[in-house]
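*Asks:* Here it is, the structure in full.
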Amino acid sequence: MSNQAVANRYASALFQLAKEKHDLKKVNEELQVVKNVVESTPELVQFLTHPKVTVAQKQAFIKESFKGLSDVSLNALLMLIDRKRTDILVPMVNKYKELAYEAQDMAEAIVYSTKPLTEKEQDHIAKVFAKKAKKSKLELKNIVDSELIGGIKIRIGDRIYDGTVKAQLDKLERNIVAGTR
Numbered sequence: 012m013s014n015q016a017v018a019n020r021y022a023s024a025l026f027q028l029a030k031e032k033h034d035l036k037k038v039n040e041e042l043q044v045v046k047n048v049v050e051s052t053p054e055l056v057q058f059l060t061h062p063k064v065t066v067a068q069k070q071a072f073i074k075e076s077f078k079g080l081s082d083v084s085l086n087a088l089l090m091l092i093d094r095k096r097t098d099i100l101v102p103m104v105n106k107y108k109e110l111a112y113e114a115q116d117m118a119e120a121i122v123y124s125t126k127p128l129t130e131k132e133q134d135h136i137a138k139v140f141a142k143k144a145k146k147s148k149l150e151l152k153n154i155v156d157s158e159l160i161g162g163i164k165i166r167i168g169d170r171i172y173d174g175t176v177k178a179q180l181d182k183l184e185r186n187i188v189a190g191t192r
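Heads up: the sequence shown runs through residues 12 to 192, numbered per this note's numbering.
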C-alpha cells in the first residue's frame, strides 16, 4: 500500500476521533504546528527515524516537546512513532486538514497581492469568495508577490480567480489580436 493511502487511512481515523470529541478545529491547528516544526527541523525527522533511538525515547521526546497538545493529537503522534510510520506524518496532516475543512464547510484560499492585505480587506475577500466557492467560510493566507503589477490573484483548491493587472492586459491583448484577424 502506498504511503499516501496509508496516510489517508490514518487521517480518516484521526478525523473520526476528533469529530467524536468535537475537536476538529483544535486538532487541525495543533497538527499544523507539528507539521511546521517537522518541515522546518530536519534534525527532528532524523531523530524520529534513527534506528538506534528506541521507540520509548522517541515517544518521551515527543511528549516533552509537544506538552500542550490535546490527547487526540499527542496520541496520534505517539502511535505513528510506535508503528514506525513517522514518514506519513505530513501527508496525514494534509489529508486531515482537507477532511476537517470539508466537514466544517470551509476552504483555504491563497491570496496573492502586491502588498499585505489589511484585516478588513481579507474579511471582504473571504465573504465574497466564500460564496463563489460555495463554502460558508474561507480561511485566507495572504502571500505578497512583488512581481504583480497590481490587483490580486486568489487560489481556492484548483480554481484560480485572477484579477491582476497583468491578467487584464493579457486579456486585452488577446482581444486586440483576435480582432485583427
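Even for Gly, the Cβ is constructed at its ideal location relative to N, Cα and C.
Can you name, in chain order, every residue of its own chain whose Cβ lies under 6 angstroms from the Cβ of residue 173, other than the five neighbours on each side?
*Replies:* Same-chain partners within the cutoff: 164.
*Asks:* Helix, strand or coil: which one does DSSP assign to residue 116?
*Replies:* Three-state result, residue 116: coil.
*Asks:* Taking Cβ to Cβ, would you say residue 92 is nearer than 8 angstroms to residue 69?
*Replies:* For residue 92 and residue 69, yes; Cβs fall inside 8 angstroms.
*Asks:* Would you identify the three-state DSSP class for residue 148, choosing helix, strand or coil?
*Replies:* Strand at residue 148.
*Asks:* Roughly how many whole angstroms lie between the Cα atoms of residue 157 and residue 128?
*Replies:* Rounded to the nearest angstrom, the two C-alpha atoms are 13 angstroms apart.
*Asks:* Note down the Cα distance separating residue 66 from residue 97, rounded to an integer number of angstroms.
*Replies:* So the alpha carbons of these two residues sit roughly 11 angstroms apart.
*Asks:* Which residue spans inside the segment 68-139 form an unbroken beta strand (DSSP E) run of at least 3?
*Replies:* Complete beta strand (DSSP E) runs here, min 3: 117-124.
*Asks:* Report the residue from 112, 187, 78 whose alpha carbon sits nearest the alpha carbon of residue 23.
*Replies:* Comparing Cα-Cα distances from residue 23 to each of 112, 187, 78, the minimum goes to 112.
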